[in-house]
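In this note's numbering, the protein residues as written are 616 to 830.
See the structure below:
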C-alpha cells in the first residue's frame, strides 16, 4: 500500500532532528510539530553527503532524534489488541523491543526518500486539560502530485503532561489498524514469538539509497 510508505515518510519529516539550540515544548503538540518540522529539511540537506556515504547513520539519527517523539510502547500494545490478554508478559516485552527496532529501521529507510517536500500545519486549537488523545491534521505538498492529507494521533502522558505520537490515519485507514490486521493472523496461527522473530529480522535490513534506475 503506497499510502503507508507516504505517511511513514511524513512521520520522519515531521519529527526529524532538531538543532542543538532548539528546545521542543512537548506539552503543546501543535507547537511541537512546527518546531520539529521547521528544522527537518535543513538538517537533511546539510547531512546528505555523509548519509549517502554511510546510510546506516540514518538509524542513529532516528534513535537520537525521532524516537523521543514516538510512543512505540503504546503503539505496539495497540497493534497486539486482543492478543495482549492471552500473551505471555515476557513474549510481549520481546515483541515491543523488536517492534521498536523495526520502526527505527523503517523510518531510517524512509529518510532516504527525502525530496524537498513541504508541510502545511493545522492551526492550533485549544485542548481540554482532561483530554489525553488528540488528532492533528497536516497536508503534505509534493511537486506534480496531489497533496497528501494525514492525521497524526497524539497521546498525553498522565504524569508528565507531555505528548507523543502513536498513530497516523490516511485515506480513513489507521496505520496501527493495518498492522494489526497484517500481523494478527500470523499471531493466531504461528504465535507471537514468530512475529517477533520476523520483526527482528526486518530490523536488521541494511539501509540503502535507491538509484535513479531503480526508482
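The beta-carbon is built from N, C-alpha and C at its ideal position, and this holds for glycine as well.
Note that this is a predicted model, so its numbers are computed, not measured.
Exposure of residue i, with buried meaning 16 or more beta-carbon neighbours within 10 Å
i, result
"residue 825", "exposed"
"residue 830", "Only weak support is given to the placement of residue 830: the predicted model assigns it a pLDDT of 45, under 50, and the question is left unresolved by the model."
"residue 635", "Residue placement at residue 635 cannot be trusted, given a pLDDT of 40 that sits under 50; the coordinates are not used to answer."
"residue 720", "buried"
"residue 691", "buried"
"residue 638", "exposed"
"residue 693", "buried"
"residue 768", "buried"
"residue 809", "exposed"
CB contact flag (residue i, residue j, <8 Å)
i, j, result
"residue 686", "residue 779", "yes"
"residue 723", "residue 794", "no"
"residue 755", "residue 734", "yes"
"residue 689", "residue 781", "yes"
"residue 665", "residue 815", "no"
"residue 647", "residue 641", "yes"
Under the three-state DSSP convention, the category residue i falls into
i, result
"residue 736", "strand"
"residue 665", "helix"
"residue 811", "helix"
"residue 639", "coil"
"residue 742", "coil"
Best match in the options for proximity to residue i [C-alpha to C-alpha]
i, options, result
"residue 739", "690, 752 and 659", "752"
"residue 777", "748, 736 and 800", "748"
"residue 610", "761, 757, 821 and 736", "One cannot answer for residue 610 here, as it falls past the ends of the chain, which runs 616 to 830."
"residue 798", "695, 745, 820 and 644", "695"
"residue 701", "803, 818, 820 and 770", "803"
"residue 770", "783, 812, 823 and 754", "783"
"residue 813", "711, 646, 746 and 642", "711"
"residue 705", "767, 807 and 760", "807"
"residue 708", "811, 820, 759 and 819", "811"
Min CB distance residue i to chain D below 8 Å
i, result
"residue 817", "Judged by its chain identifiers, the structure shown contains no chain D, having just a single protein chain."
Scan the stretch 751-783 and note each continuous beta strand (DSSP E) run of 3 residues or more that stays entirely inside, going in chain order.
-> 763-771
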